[in-house]
Ligand SMILES: [Zn+2]
Ligand SMILES: [Zn+2]
């Protein structure tokens, strides 16, 4: 069935698989199924409406609404919600049921939910109960030690400034890296050691400016290598010649690094690119997919089965429209951060171990709840009020019927419910809008400070920098915002002979963001065999793009 998106007017398809999915995952109350209707928005508009709830690295200093102490939070001081530090939130000296509301059939559900969300304390950042060690400036992150400014990160030690950094040690300015160590400015890399400015590489070490390489060491500026060493700009050299050429580049200089970056961006275009990143998959479309089966339009995911429109989602089955996490999730629909053995949880946000939840936010270890905020280990609750199982199973179908009348049933929380501004959420990264457009959707918008300092003159070479630099406040050459180099960071640059960055972490983060392809698929022919393929490389891009078969033949 063909539909027109209620937000962007794009045509989109509701397939028979989608209908079967809704039949399968729809909630049941006292033996009666309340069918979830097919979406009224296209997949992109649904993602945009969901990810406005996720600010990742947009963090703010503010006061805790419990203790008044200064905390770091994804909700700024003026956000319309109450915020507790994770320790305060987990303590027993406050009661989320205190904010409970009886459902009012004269008002819309989202209006009542908005009120509950404004009154009930939220956790300042998304971190697990066990928290992090010496790593406070992080979000959507757990099991970290000595880390700073990471989001979407787990099991890291001594890592700074990155997103989607997992199982890593001593990495700075990396995005989408896994099991890496001593790496710098890398994107989409796994199991690498001592590499810098590398993309889409695995099992490489002591190398720089590599793209699409595996099992390489001591290589520079090369594309699509496997099992090589001492290759320089895709040319095999002797060890002595390689070392001579590398030393001549002088990559301790910021200007030389910038030249090398610009050169490598062009050099890469001479070689074929894989139409998608993925390993050990069966019947999948999207990008960055590992060990998955029957997965459609999904990005940066692993071990999924029968899922569609999922992003950064892992170990899940029968899920649709989920952004972030898993480990595990089953039969979940339209969620933002759902996981830790969750199932049949729909249209919800920040759910750790949720079973049969609908329209919930920030709940942990809950079952059978509807429209609840910040509950822990609760069952049969509606708008933070406790009911018996029988009352719950009678009342929820009545609320759903009311929501059918108000056209709310099956819709995700409208933009106007979210306390986070559009431009401080990752919606702005993936679906950038101007203030007027964002406000027209009902979203909040935060005026950005227009501070524009003069860039700080920095020595070009790391060799000419000393530790006093860490005491200075520097001004970014791109954004004009101030930033600092921490002593931990400075020691890394000095040890690795890397020039000190002249841009702030957000500018560096954006630069890496733009190195990755959009999370969108185009149908186009393989440039070798003309077979049709789905790829994140838009047809007008300059890369040579091959299907998996042609790429493998050419490269390995
Ligand atoms: Zn749309
Ligand atoms: Zn081909």
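In my numbering, the protein residues as written are 406 to 961. Positions of the beta carbon are idealized from the N, C-alpha and C atoms, including for glycine.
> If we ignore side chains and look at the alpha-carbon of each, how far apart do residue 538 and residue 475 end up?
Replying inline: Rounded to the nearest angstrom, the gap between the Cα atoms of residue 538 and residue 475 is 18 Å.
> Can you tell me the Cα-Cα spacing of residue 690 and residue 745, whole angstroms?
Replying inline: Rounded to the nearest angstrom, the two C-alpha atoms are 25 Å apart.
> Do the segment 825-841 and the segment 530-544 make contact, defined as three or more Cβ pairs closer than 8 Å?
Replying inline: With the cut-off at 8 Å, the segment 825-841 and the segment 530-544 do not touch.
>> With three or more C-beta pairs closer than 8 Å as the rule, is the segment 762-769 touching the segment 739-754?
In response: The answer is yes - the segment 762-769 touches the segment 739-754, with three or more Cβ pairs under 8 Å.
> Under the DSSP definition of a beta bridge, which residues are partnered with residue 468?
Replying inline: Looking at the DSSP output, residue 468 sits in a beta bridge with 475.
> For residue 846, is the beta carbon positioned less than 7 Å from some heavy atom of ligand 1?
Replying inline: In this structure, residue 846 has its CB at a distance of at least 7 Å from all heavy atoms of ligand 1.
>> So if DSSP puts residue 879 in a beta bridge, which residue, or which two residues, is it bridged to?
In response: Its beta-bridge partners are 888.
> Nearest CA to the CA of residue 448: which residue from 468, 409 and 653?
Replying inline: It is 409 whose Cα lies nearest to the Cα of residue 448.
> Got a list of residues with beta-carbon closer than 6 Å to any non-hydrogen atom of ligand 1, in chain order?
Replying inline: These are the residues, in chain order, with a beta carbon less than 6 Å from any non-hydrogen atom of ligand 1: 410, 412, 413, 415, 446, 447, 449 and 450.
> Whose CA, out of 431, 435, 422 and 416, lies closest to the CA of residue 795?
Replying inline: Per the Cα distances, 435.
> Leaving out five residues before and five after residue 460 in sequence, what residues of the same chain have Cβ atoms less than 6 Å from its Cβ?
Replying inline: Around residue 460: 479, 825, 829 and 830.
>> When you measure from the CB of residue 928 to every non-hydrogen atom of ligand 2, does any distance come out below 7 Å?
In response: In terms of side-chain proximity, the C-beta atom of residue 928 is found no nearer than 7 Å to any non-hydrogen atom of ligand 2.
>> Under DSSP, the beta strand (DSSP E) around residue 755 begins and ends at which residues?
In response: Taken as a continuous stretch (DSSP letters only), the beta strand (DSSP E) holding residue 755 covers 751-763.
>> I want to check one thing, is the minimum distance from the CB of residue 961 to the heavy atoms of ligand 2 below 7 Å?
In response: For ligand 2, not one heavy atom lies less than 7 Å from the Cβ of residue 961.
> In chain order, which continuous runs of the beta strand (DSSP E) of length 3 or greater are located wholly inside the segment 701-732?
Replying inline: With a minimum length of 3 residues, the unbroken runs of beta strand (DSSP E) contained wholly in the segment 701-732 fall at 716-722.
>> Distance check for residue 780 and residue 709, CA to CA, integer angstroms please.
In response: If you draw a straight line from the Cα of residue 709 to the Cα of residue 780, it comes to about 28 Å.
> Just checking my contact of residue 807 with residue 514 at CB under 8 Å: how many whole Å lie between their CB atoms?
Replying inline: The beta-carbon separation of residue 807 and residue 514, rounded to 7 Å, stays under the 8 Å limit for a contact.
> Roughly how far, in whole angstroms, is the beta-carbon of residue 521 from the beta-carbon of residue 801, given that I think they are within contact range, below 8 Å?
Replying inline: Going by Cβ atoms, the distance from residue 521 to residue 801 rounds to 16 Å, so no, they are not a contact pair.
>> Beta-carbon within less than 7 Å of residue 407's beta-carbon, same chain only, minus the 5 sequence neighbours each way: which residues are those?
In response: Here the set comprises 416 and 418.
> Using a threshold of 7 Å, is the CB atom of residue 942 nearer than that to any non-hydrogen atom of ligand 2?
Replying inline: Flag unset: Cβ of residue 942 not near ligand 2.
> Does the segment 867-879 come within contact of the segment 890-902, defined as at least 3 CB pairs closer than 8 Å?
Replying inline: Yes: at least three Cβ pairs fall under 8 Å.
> So what does DSSP say about residue 925, is it helix, strand or coil?
Replying inline: Assigned with DSSP and collapsed to three states, residue 925 falls in coil, not helix or strand.
> Cα separation between residue 442 and residue 814?
Replying inline: In this structure, the CA atom of residue 442 is about 8 Å from the CA atom of residue 814.
> With a CB to CB cut of under 7 Å and the five nearest residues on each side skipped, what residues in its chain are close to residue 644?
Replying inline: Excluding positions up to five away in sequence, the list reads 635.
> What's the call for residue 743, buried or exposed, on a 16-neighbour Cβ count within 10 Å?
Replying inline: Label assigned to residue 743: buried.
>> Are there any heavy atoms of ligand 2 lying less than 7 Å away from the beta-carbon of residue 933, as far as the coordinates show?
In response: Checking every heavy atom of ligand 2 against the Cβ of residue 933, one is found closer than 7 Å.
>> Measuring alpha carbon to alpha carbon, tell me which residue in 558, 870, 863 and 811 is nearest residue 516.
In response: From the listed residues 558, 870, 863 and 811, the smallest Cα separation to residue 516 is found for 811.
> With 16 other CB atoms within 10 Å as the buried threshold, where does residue 1000 fall?
Replying inline: For the chain, the structure presents residues 406 to 961; residue 1000 sits outside this window and is missing.
> Are residue 558 and residue 565 touching if we call contact CB-CB under 8 Å?
Replying inline: Taking 8 Å as the cut-off, the beta carbon of residue 558 is found no closer than this to the beta carbon of residue 565.
> Should the segment 784-795 be called in touch with the segment 493-506, which here means at least 3 C-beta pairs below 8 Å?
Replying inline: When C-beta atoms of the segment 784-795 are compared with those of the segment 493-506, three or more pairs fall below 8 Å, so the two segments count as touching.
>> My assumption, with CB atoms under 8 Å, is that residue 950 sits in contact with residue 680. Please give the rounded CB distance.
In response: With 8 Å as the limit, residue 950 and residue 680 qualify as a contact, their Cβ atoms being about 5 Å apart.
> Taking only runs of the alpha helix (DSSP H) that begin and end inside the segment 469-530, which ones reach a length of at least 4 residues, in chain order?
Replying inline: Runs found: 491-495 and 514-524.
>> Looking at residue 956: is its Cβ nearer than 8 Å to the Cβ of residue 631?
In response: No. Outside cutoff.
> Taking just the CA atoms, how far does residue 502 sit from residue 703?
Replying inline: Straight-line Cα distance between these residues: approximately 37 Å.
>> Does residue 690 come out as helix, strand or coil in the three-state DSSP assignment?
In response: DSSP places residue 690 in the strand class (E or B) of the three-state scheme.
> Within 10 angstroms of its Cβ, does residue 686 collect 16 or more other Cβ (buried), or is it exposed?
Replying inline: Residue 686 should be labelled buried.
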